[in-house]
Amino acid sequence: MFTEKRLIKEADLIKQRGSVSVQELMEYFQVSDMTIRRDLQKLEASGKFQRFHGGIRILDETPLEQRDGVQLDEKKRIAQYCLNLLRPKDTIILDSGTTTYQIAIALAEAQIPNITVITNSLRAAYCLREQENITLVMCGGELRHSSQSFVGSVSRDFFENIFVNKAFIATGGITEKGFSTTSFAEAEIKQMMGKASAETYIVADSTKFGNRSLNFFAPLSHANQIVTDTGVSDEWCDMMKQHGTDIVKV
1 MFTEKRLIKE ADLIKQRGSV SVQELMEYFQ VSDMTIRRDL QKLEASGKFQ
51 RFHGGIRILD ETPLEQRDGV QLDEKKRIAQ YCLNLLRPKD TIILDSGTTT
101 YQIAIALAEA QIPNITVITN SLRAAYCLRE QENITLVMCG GELRHSSQSF
151 VGSVSRDFFE NIFVNKAFIA TGGITEKGFS TTSFAEAEIK QMMGKASAET
201 YIVADSTKFG NRSLNFFAPL SHANQIVTDT GVSDEWCDMM KQHGTDIVKV
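Counting along the sequence shown from 1, when you hit position 215 you're at 215 in this note's numbering, and nothing is skipped either side.
What follows is the structure, encoded as structure tokens:
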């Protein structure tokens, strides 16, 4: 296979999976380690991908600093609603994301006694680091720089071995098929978070409805409740109810 044709196929594969290893690419294309590493140098030079030890990932997300300001008032209202769901001695999972980050900010100011927060978000953990009323637990794993979240096999194993009262999970897109995100690695951890919780809350502002990101991580029915803002249409609400999913607009 010619180099240019292989590069196109490699780029498509990375986009589909979010990230791939050198070993996976060697086996898929039946070429040497050195050939793949030269290809990865060219892909990274395009500015669309980033190499890491043993593989390469896609860079397809808007920078966090830009995403933080989008629908900020709506995200703060969603965070306040979620805060009101919490009770003393609750144990919760807090996913990475700009909306869940607002939940962390609200939690830091609320002083709810004896809350345990388990997170894969470096930003959420930093926000909560000085709150003596909060027992803060972080999973291990590989830091995904574009989302400041920990992912990978260590993170997956961690969430497979815990169980909490409530999980607050962010999503990049919501369609009739379900919830999706831009990264395969992120999707895998979100799946584990949902399985590790008695109650799962999907937190998403109205711009996420109708969007379909690269990787689906759960059907609509897996959410106990979707918490969003008043920009969501009644048609979406009716469709959610048909799937047995409660939706709250704040």
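We put the CB at the ideal spot given by N, CA and C, even for glycine. No experiment lies behind these values; they were computed from the predicted model shown.
Inset, instruction - Have a look at K208 and W236 and give me their C-alpha separation to the nearest angstrom. - result: As a working note, residue 208 is residue 208 in the sequence shown. As a working note, residue 236 is residue 236 in the sequence shown. Between K208 and W236, the C-alpha separation is close to 12 Å.
Inset, instruction - Ignore the nearest five residues each way along the sequence and tell me which others in D33's own chain have a CB closer than 7 Å to its CB. - result: Sequence index remark: in the sequence shown, residue 33 carries index 33 (1-based). Residues V22, M26 of the same chain have their beta carbon placed closer than 7 Å to that of D33, with the five preceding and five following residues left out of the count.
Legend entry - Coarse secondary structure for S147, derived from DSSP in three states: Numbered from 1 along the sequence shown, position 147 holds the residue referred to as residue 147. When DSSP states are grouped into helix, strand and coil, S147 belongs to the coil group.
Inset, instruction - State yes or no: is the C-beta of A185 within less than 9 Å of the C-beta of R57? - result: What you label residue 185 is simply residue 185 of the sequence shown in a count that begins at 1. What you label residue 57 is simply residue 57 of the sequence shown in a count that begins at 1. Yes. Within cutoff.
Inset, instruction - Please confirm whether A204 and I226 have their CB atoms less than 9 Å apart. - result: Within the sequence shown, numbered from 1, the residue matching residue 204 stands at position 204. Within the sequence shown, numbered from 1, the residue matching residue 226 stands at position 226. Contact flag set, yes.
Legend entry - First and last residue of the uninterrupted alpha helix (DSSP H) at R123: Looking up residue 123 in the sequence shown gives position 123. Residues 122 to 128.
Legend entry - Sub-9 Å separation of F163 and A124 beta-carbons: For the purposes of this step, residue 163 is identified with residue 163 of the sequence shown, where counting begins at 1. For the purposes of this step, residue 124 is identified with residue 124 of the sequence shown, where counting begins at 1. In this structure, A124 does not lie closer than 9 Å to F163 by Cβ.
Inset, instruction - Can you tell me which of the three DSSP states R212 falls into? - result: Within the sequence shown, residue 212 is the residue found at index 212, counting from 1. Coil at R212, not helix or strand.
Legend entry - Length of the line joining the Cα atoms of E130 and G178: On the sequence shown, position 130 is the one that residue 130 refers to. On the sequence shown, position 178 is the one that residue 178 refers to. One C-alpha to the other measures close to 36 Å.
Legend entry - Selected residue, minimal CA-CA separation from G152, among A187, K15, F49, I112: Position 152 of the sequence shown, counted from the start, is the residue given in the question as residue 152. Of the candidates A187, K15, F49, I112, A187 places its Cα closest to the Cα of G152.
Inset, instruction - Mind checking who Q225 pairs with in its DSSP beta bridge? - result: To locate residue 225, count along the sequence shown from 1; it is residue 225. The beta-bridge partner set that DSSP reports for Q225 consists of Y201, D246.
Inset, instruction - Report all residues from its chain with a CB closer than 7 Å to the CB of Q80; omit the five preceding and five following residues, and keep chain order. - result: Numbered from 1 along the sequence shown, position 80 holds the residue referred to as residue 80. Here the set comprises A106.
Inset, instruction - Name the residue from K5, E109, D234, E176 whose alpha carbon lies nearest to the alpha carbon of K76. - result: Counted from its first residue, the sequence shown places residue 76 at position 76. For the residues K5, E109, D234, E176, the minimum Cα distance to K76 belongs to E109.
Inset, instruction - Check whether the Cβ atoms of K249 and T228 lie closer than 9 Å to each other. - result: Counted from its first residue, the sequence shown places residue 249 at position 249. Counted from its first residue, the sequence shown places residue 228 at position 228. Yes, they are a contact pair.
Inset, instruction - Determine, using beta carbons only, whether I112 and L86 come nearer to each other than 9 Å. - result: Indexing the sequence shown from 1 puts residue 112 at position 112. Indexing the sequence shown from 1 puts residue 86 at position 86. Here I112 is near L86, since their CB atoms are less than 9 Å apart.
Inset, instruction - Please report how far the alpha carbon of Y28 lies from the alpha carbon of I247, in whole angstroms. - result: Here residue 28 refers to the residue found at position 28 of the sequence shown. Here residue 247 refers to the residue found at position 247 of the sequence shown. For Y28 and I247, the distance between alpha carbons rounds to 42 Å.
Legend entry - The alpha helix (DSSP H) enclosing L43, as first and last residue numbers: Reading the sequence shown from its first residue, position 43 is the one you call residue 43. In this chain, the alpha helix (DSSP H) harbouring L43 covers 33 to 45.
Inset, instruction - Consult DSSP for G173 and reduce its assignment to one of helix, strand or coil. - result: In the sequence shown, the residue the question calls residue 173 occupies position 173. In this structure, G173 counts as strand in the three-state DSSP scheme.
Legend entry - Three-state class that DSSP yields for L94 in the structure shown: Here residue 94 refers to the residue found at position 94 of the sequence shown. L94 falls in the strand class under three-state DSSP.
Inset, instruction - Output the residue ranges of the beta strand (DSSP E) runs that lie fully inside the region 97 to 122 and measure 3 residues or longer, sorted by chain position. - result: The qualifying runs are 115 to 119.
Legend entry - Three-state secondary structure assigned by DSSP to I58: Here the question's residue 58 lines up with position 58 in the sequence shown. Strand at I58.
Legend entry - Continuous alpha helix (DSSP H) stretch holding L25: start and end: Counting from 1 along the sequence shown, the entry for residue 25 is found at position 25. Element bounds for L25: 22 to 29.
Legend entry - Residue interval of the alpha helix (DSSP H) (run including G231): Translated into the one-based positions of the sequence shown, residue 231 becomes position 231. From DSSP, G231 is part of no alpha helix (DSSP H); its letter is neither H nor E.
Legend entry - Cβ pair I134, T171 closer than 9 Å: For the purposes of this step, residue 134 is taken as residue 134 along the sequence shown, with counting starting at 1. For the purposes of this step, residue 171 is taken as residue 171 along the sequence shown, with counting starting at 1. Contact: no.
Legend entry - Option nearest G54 by Cα separation, candidates L40, I174, T175: Start at 1 with the first residue of the sequence shown, and residue 54 comes out as number 54. Taking only the C-alpha atoms, the option nearest G54 is L40.
Inset, instruction - For A104, count neighbouring Cβ atoms within 10 angstroms of its own Cβ and tell me buried if that reaches 16, exposed if not. - result: Position 104 of the sequence shown, counted from the first residue, corresponds to residue 104. Classification of A104: buried, given that the 10 Å Cβ count is 16 or more.
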